[in-house]
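Numbering (this note's numbering), first residue to last: 7 to 406.
Just so you know, even glycine gets a beta-carbon here, dropped at the ideal spot from N, CA and C.
Just so you know, these numbers come straight off a predicted model, no measurement behind them.
Notes to accompany the following structure.
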Amino acid sequence: MATADRYRDYMYELVDRAVSDIGPRESCSEEEKRLGSLFAQEIKPVCERVEVEEFTCSPKAFLGFFPYLVLLYLAGVVLYYFYPPVSVILSAIGIAVLFYEVVRYREFIDPFFPKRKGENVAGFVKPSGETRKRVIVSAHLDSAYEFKVWYWLKGLSVPAMILAFSAPVLLLGASLARTIADSSGVPENAVYTALGIALIALSPIVGMFFFFHTRDVVPGAMDDMAGIAVLAGLGRYLQDSRGGGGFYPENTEVVLLALSSEEAGLRGAKRYAARHKKEYLQIPTHAIFLDNITDERYLTVFKREVWCGAKMDPYLIELSREAAAANGKDITTTIMAVGATDASAFVREDIPSVSICCYNAARLMPNYHTRHDTIENVRPASLAVALQLVIEMIGRIDRG
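Below you can see the structure in the form of structure tokens.
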């Protein structure tokens, strides 16, 4: 039996308890804070100290502007026929917001949305000897709004999103061309008519994204209560091993970090990484992020998160491969083409990081950001595999 298997039931029961008793956890909500308090209680016995850090952000900004973008597009299509210069402006605004707020995870329009307070929870486990290194192991506390389009369309969601995201670009190009043509005295022709028909044809697809998400928050068993449970399981393991039951870090401090507001655009991670960057870079520090722990058959490490432009640490990527192989597991190395994890926020602050998951990243899973993200879809073995991988990685860092 692998070491982590001893904590499988504990971790699975913790996921069940949180999902059943606390329920969905909107970013910066009281439910998210309740889970933070539960996590602090679970890890307190092994930690030298547990810190709760409050921060401020605008959690609804990240995706809350989608209805406004839909209205901008529809207005732009109408104005394409009557006053294309304004259509150029509207489409340019929509593209800029979409690119900077969603793709690049910049807080581009956050000042226009209400502010709320979130809480990050960090537990510090001291090594048996002098602290010379640090490993942060992290997961996020909140769960996502249900992405209605993904729930409705399932496998067709990806082509629908490609078409919807392409529509403002087509509108910008068509409106700009028509503006230039009108100012040059070029008469109406079939090309402008065809472009207008295409823009109208795309309108129903774009219109669906008015309801991209509502106020419904998903249970978040896989994403990311399972990750939080692995952190708690790591705390239990370190508590037991400190008493002589196995590997315990000799010179590596372990930080058990539960972050707020990942689903709101990595806001909790961004605040925490910026606040602690100087402190954490005083000694060699590595960060391991756990997300979407659901199926051990799809153990995966990401080497890049494309939207944020974040490149994961090569040493940690190789370390994850070695750790997986040492436990008889295969780990897939790939890129995250859409979206991002909290690891990206730490990479932007120059803290070496890696993102690890246990789910099929090659397709859109039916329980990802939908009401089906329940405990029934979390395989207990995935929790043990993730925990064993992290223990092995910490051990190799400590001995290296």
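**OP:** Go ahead and label Phe406 buried or exposed: buried means 16 or more other beta carbons lie within 10 angstroms of its beta carbon, across all protein chains shown.
**Re:** For this step, residue 406 is matched to residue 400 along the sequence shown. Here residue 406 is Gly; the residue named in the question, Phe, does not match the sequence. Exposed: under 16 other Cβ atoms inside 10 Å.
Original post:
For the 8 Å Cβ check, are there 3 or more pairs between the segment 44 to 55 and the segment 266 to 281?
Top reply: By the Cβ criterion, the segment 44 to 55 is not in contact with the segment 266 to 281, since fewer than three pairs of Cβ atoms, one from each stretch, lie closer than 8 Å.
Subject >> DSSP state of Leu305 mapped onto helix, strand, coil >> reply: Working through the sequence shown from its first residue, we reach residue 305 at position 299. For Leu305, the three-state secondary structure derived from DSSP is strand.
Original post:
Cβ atoms of Ala293 and Phe253: under 8 Å apart, would you say?
Top reply: Position 247 of the sequence shown, counting from 1, holds the residue named residue 253. Position 287 of the sequence shown, counting from 1, holds the residue named residue 293. For Phe253 and Ala293, no; Cβs fall outside 8 Å.
Subject >> Whole-number beta carbon distance between Ala238 and Leu85, since they are thought to touch under 8 Å >> reply: Numbered from its first residue, the sequence shown carries residue 85 at position 79. Numbered from its first residue, the sequence shown carries residue 238 at position 232. A Cβ-Cβ distance of about 54 Å is found for the pair Leu85 and Ala238, leaving them out of contact under the 8 Å criterion.
Subject >> Spatially closest choice to Arg138 from Ile289, Leu104 and Leu395, by CA coordinates >> reply: As a working note, residue 138 is residue 132 in the sequence shown. Nearest option by C-alpha distance: Ile289.
Original post:
Does the Cβ-Cβ distance between Asp356 and Leu287 come in under 8 Å?
Top reply: The count along the sequence shown starts at 1 and reaches residue 356 at position 350. The count along the sequence shown starts at 1 and reaches residue 287 at position 281. Between Asp356 and Leu287, the C-beta gap is smaller than 8 Å, which places the two residues in contact.
Original post:
Counting along the chain, where does the alpha helix (DSSP H) carrying Ala331 start and finish?
Top reply: Working through the sequence shown from its first residue, we reach residue 331 at position 325. Where Ala331 is concerned, the enclosing alpha helix (DSSP H) stretches over Pro320 to Ala332.
**OP:** Decide yes or no for the touch test of the segment 388 to 404 against the segment 318 to 333: beta carbon pairs closer than 8 Å, at least 3 of them.
**Re:** Touching, per the Cβ criterion.
Original post:
Buried or exposed: Asp230, going by 16 or more other Cβ atoms within 10 Å of its Cβ?
Top reply: By one-based count along the sequence shown, residue 230 stands at place 224. Taking every protein chain shown into account, the CB of Asp230 has 16 or more other CB atoms within 10 angstroms, so this residue is buried.
Original post:
With which residues is His292 paired in a DSSP beta bridge?
Top reply: For the purposes of this step, residue 292 is taken as the residue at position 286 of the sequence shown. Residue pairing for His292: DSSP places it in a beta bridge opposite Val141.
Subject >> Where the alpha helix (DSSP H) containing Gly252 begins and where it ends >> reply: As a first step, residue 252 must be located in the sequence shown, where it is residue number 246. Careful: Gly252 lies outside any alpha helix (DSSP H) and carries neither H nor E.
Subject >> Contact belief for Ser149 with Leu370 at Cβ below 8 Å, rounded distance in angstroms >> reply: Walking along the sequence shown from the start, residue 149 turns up at place 143. Walking along the sequence shown from the start, residue 370 turns up at place 364. Actually they do not touch by this definition, with Cβ atoms about 17 Å apart.
**OP:** Can you tell me which of the three DSSP states Phe130 falls into?
**Re:** Counting from 1 along the sequence shown, the entry for residue 130 is found at position 124. The three-state secondary structure of Phe130, taken from DSSP, is strand.
Original post:
Does the distance from the CB of Glu435 to the CB of Pro133 come in under 8 Å?
Top reply: Absent from the model: residue 435. The displayed extent of the chain is 7 to 406, so no value can be given.
Subject >> Closer than 7 Å: Ala293 CB and nearest the ligand COA heavy atom >> reply: The ligand COA is not among the ligands present in this structure, which contains no ligands whatsoever.
**OP:** State the start and end residues of the unbroken beta strand (DSSP E) segment that holds Tyr151.
**Re:** Stepping through the sequence shown from its first residue, residue 151 is reached at position 145. Start and end: Tyr151 to Phe153.
**OP:** Grab me the residues of Phe153's own chain with a C-beta within less than 6 Å of its C-beta, minus the 5 sequence neighbours each way, in chain order.
**Re:** Residue mapping note: residue 153 aligns to position 147 of the sequence shown, counting from 1. Shown here for Phe153: same chain residues with a beta carbon closer than 6 Å to its own, the five before and five after excluded, namely His219 and His375 in chain order.
**OP:** Determine the contact status of Phe295 and Val360, defining contact as a CB-CB distance below 8 Å.
**Re:** Position 289 of the sequence shown, counted from the start, is the residue given in the question as residue 295. Position 354 of the sequence shown, counted from the start, is the residue given in the question as residue 360. Yes, they are a contact pair.
Subject >> Residue range of the alpha helix (DSSP H) that includes Arg184 >> reply: Within the sequence shown, numbered from 1, the residue matching residue 184 stands at position 178. Segment Ser163 to Ser189, the alpha helix (DSSP H) holding Arg184.
**OP:** May I have the straight-line CA-CA distance separating Ala343 from Ile362, to the nearest angstrom?
**Re:** In the sequence shown, residue 343 corresponds to position 337, counting from 1. In the sequence shown, residue 362 corresponds to position 356, counting from 1. C-alpha separation (whole angstroms): 15 Å.
Subject >> Stretch pair the segment 114 to 128 + the segment 193 to 204: three plus CB contacts closer than 8 Å >> reply: Three or more beta-carbon pairs separated by less than 8 Å are not found between the segment 114 to 128 and the segment 193 to 204, which leaves the two stretches without contact.
Subject >> Distance between Gly241 and Ser247 (C-alpha atoms, nearest Å) >> reply: By 1-based counting over the sequence shown, the position of residue 247 is 241. By 1-based counting over the sequence shown, the position of residue 241 is 235. Rounded to whole angstroms, Ser247 and Gly241 show a C-alpha spacing of 10 Å.
Original post:
Just how far apart, CA to CA, sit Leu205 and Ile101?
Top reply: Translated into positions along the sequence shown, residue 205 becomes position 199. Translated into positions along the sequence shown, residue 101 becomes position 95. Pairing Leu205 with Ile101, the inter-Cα distance amounts to about 15 Å.
Original post:
Can you give the beta carbon distance from Ser35 to Ala270, rounded, assuming they're within the 8 Å contact cut?
Top reply: To locate residue 35, count along the sequence shown from 1; it is residue 29. To locate residue 270, count along the sequence shown from 1; it is residue 264. Contact between Ser35 and Ala270 fails: their C-beta atoms lie close to 11 Å from each other, not under 8 Å.
**OP:** Rounded to whole angstroms, what's the CA-CA distance from Ile337 to Asn298? Just pull it up for me.
**Re:** As a working note, residue 337 is residue 331 in the sequence shown. As a working note, residue 298 is residue 292 in the sequence shown. Distance from the CA of Ile337 to the CA of Asn298, rounded to the nearest whole angstrom, comes to 15 Å.
Original post:
What three-state label does DSSP hand Asn408 in the structure shown?
Top reply: The chain is shown from 7 up to 406; residue 408 falls before or after that span and cannot be answered.
Subject >> Closer than 8 Å to chain B by CB, Gly135 >> reply: Protein chain content of the structure displayed is limited to a single chain, and chain B is not contained in it.
**OP:** Would you check if the distance between the CB atom of Ser350 and the CB atom of Glu324 is smaller than 8 Å?
**Re:** Start at 1 with the first residue of the sequence shown, and residue 350 comes out as number 344. Start at 1 with the first residue of the sequence shown, and residue 324 comes out as number 318. No, the pair does not count as a contact, with Cβ atoms beyond the cut-off.
Original post:
Quick one: Cα of Gly70 to Cα of Phe105, how far?
Top reply: Here residue 70 corresponds to residue number 64 of the sequence shown, with the count starting at 1. Here residue 105 corresponds to residue number 99 of the sequence shown, with the count starting at 1. Each residue's alpha carbon lies about 14 Å from the other.
Subject >> Three-state secondary structure (DSSP) of Gly401 >> reply: Against the sequence shown, residue 401 aligns to sequence position 395. In this structure, Gly401 counts as helix in the three-state DSSP scheme.
Subject >> Pairwise C-alpha distance: Cys314 and Arg414 >> reply: Nothing about residue 414 can be read from this structure; the chain reaches only from 7 to 406.
Original post:
How would you write the range of the alpha helix (DSSP H) that Ala280 sits in, first residue to last?
Top reply: Taking the first residue of the sequence shown as 1, we reach residue 280 at position 274. For Ala280, the uninterrupted alpha helix (DSSP H) run begins and ends at Arg273 to Tyr286, by DSSP.
Original post:
Among Leu262, Ser326 and Ile403, which one has its Cα closest to the Cα of Asn126?
Top reply: Numbered from its first residue, the sequence shown carries residue 126 at position 120. Nearest to Asn126 by alpha-carbon distance, out of Leu262, Ser326 and Ile403, is Leu262.
Original post:
Whole-angstrom Cβ separation of Val52 and Val131, contact assumed at under 8 Å?
Top reply: Within the sequence shown, the letter at position 46 stands for residue 52. Within the sequence shown, the letter at position 125 stands for residue 131. Val52 to Val131, Cβ: 6 Å. Contact.
Subject >> Neighbourhood of Ser209 by C-beta, 7 Å cutoff - its chain only, sequence neighbours within 5 removed >> reply: Here residue 209 is taken as the residue at index 203 of the sequence shown, counted from 1. Taken in chain order, the residues that qualify are Leu80 and Val83.
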